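Just so we're aligned, residue 1 is where the sequence shown starts under full-length UniProt numbering, counting upward by one.
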Amino acid sequence: MNQIIQLQGLFDILSTQHQLQWQPFHDGIDCYPIYEAVNQGSAAMLLRYQAGASAPKHRHAGYEHILVLSGSQTDDVGHHPTGTLLIHPPGTDHNVHSVDGCIVLAIWEKRVEFL
Numbered sequence: 001m002n003q004i005i006q007l008q009g010l011f012d013i014l015s016t017q018h019q020l021q022w023q024p025f026h027d028g029i030d031c032y033p034i035y036e037a038v039n040q041g042s043a044a045m046l047l048r049y050q051a052g053a054s055a056p057k058h059r060h061a062g063y064e065h066i067l068v069l070s071g072s073q074t075d076d077v078g079h080h081p082t083g084t085l086l087i088h089p090p091g092t093d094h095n096v097h098s099v100d101g102c103i104v105l106a107i108w109e110k111r112v113e114f115l
């Protein structure tokens, strides 16, 4: 039976992040998986970047939605502070880093390919 996934307090994530069971994702980046479809399908997770952390260059096989919930991140097209919604279409690629650290909600139509 399918169940509705509900996350509360995302805009207050800095004060509630300690309640989540974060897992290692990449060097300096932790994740909190929300859902993952099989066979590299859709997925959603919270990503927590430590100050100075960066994600490897990757290409989007489907749409990627990023909502910056705290801090800021920077990629090939600019600097993105808290409250920014980024939508990367299929076929685009970029590097991502966070100078001061950040927490983002990431939703993928299809999983990314690390280059």
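C-beta: ideal position from N, C-alpha, C; glycine also.
Keep in mind that this is a model prediction, so the values were computed, not measured.
Which of the three DSSP states, helix, strand or coil, is assigned to GLN3?
-> coil
Just reading off the beta strand (DSSP E) that LEU86 is part of, what are its end residues?
-> Run containing LEU86: 85-88, per the beta strand (DSSP E) assignment.
Three-pair Cβ contact test at 8 Å for the stretch 70-79 versus the stretch 29-42 | no
Have a look at ILE4 and LEU67 and give me their C-alpha separation to the nearest angstrom.
-> 20 Å
To which residues of the same chain is GLY62 closer than 7 Å at the C-beta, ignoring the five residues directly before and after it?
-> PRO90, TRP108, GLU109 and LYS110
Identity of the residue in ILE87, ALA53, GLY78 and HIS58 nearest HIS94 by Cα = Of the candidates ILE87, ALA53, GLY78 and HIS58, the one whose C-alpha sits nearest the C-alpha of HIS94 is HIS58.
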